[in-house]
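Student:
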Amino acid sequence: MIDYNGERLQRTGRGITLEITSFTQEQLEDAINKLLYDESYKKNVVEVSKDSWIDSTPLENRRHGGVEYVIRHEDTSFMRAISCKSYWYQRRLLDVYAFLS
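Heads up: the sequence shown begins at 39 in the working numbering, then just goes up one per residue.
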């Protein structure tokens with residue numbers, strides 16, 4: 039059974055999963071060599087690393103951090119609030135009140 043995180047790393051090209059109960063020494067060596075010498079893995083990891091890098095400067099010096107993040111990155115759709123996709127009556131919980139009454 040492969041865990042979710044391992045499968046996700048393999049799917050996104052940042053890792054290799056092996057079944058812990060049945061892999062051989064040769065499979066392990068091949069996986070390690072592939073991770074070390076295949077440049078595509080390094081490229082994918084560096085790309086994710088840039089996205090998750092946290093600035094260590096004091097808060098008063100990063101007042102415009104959100105704006106700078108949006109300028110640096112192309113896809114910022116994950117930053118939108120879930121309520122943006124809700125209907126107006128859902129945001130005001132009118133559907134819940136109607137159901138309960």
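Ideal Cβ placement from N, Cα and C applies to all residues, glycine included.
Could you check the C-alpha separation between Leu74 and Leu132 for me, to the nearest Å?
Tutor: 55 Å
Student: Name the two residues that bound the continuous alpha helix (DSSP H) containing Arg49.
Tutor: Note, Arg49: alpha helix (DSSP H), 42-49.
Student: Buried or exposed for Arg118, going by 16 or more other Cβ atoms inside 10 Å?
Tutor: exposed
Student: Between the Cα of Ile70 and those of Ile120, Arg129, Thr55, spot the shortest distance and give me the residue it belongs to.
Tutor: Thr55
Student: Which same chain residues end up closer than 6 Å to Asp41 when comparing Cβ atoms and leaving out the 5 residues on each side of it in sequence?
Tutor: none
Student: So for Asp68, helix, strand or coil by DSSP?
Tutor: helix
Student: For Asp113, tell me which candidate among Asp89, Leu138, Val134 has the shortest Cα-Cα distance.
Tutor: Asp89
Student: Round the Cβ separation of Tyr79 and Arg52 to the nearest angstrom and send it over; I've been treating them as touching at under 8 Å.
Tutor: Right, their Cβ atoms sit about 6 Å apart.
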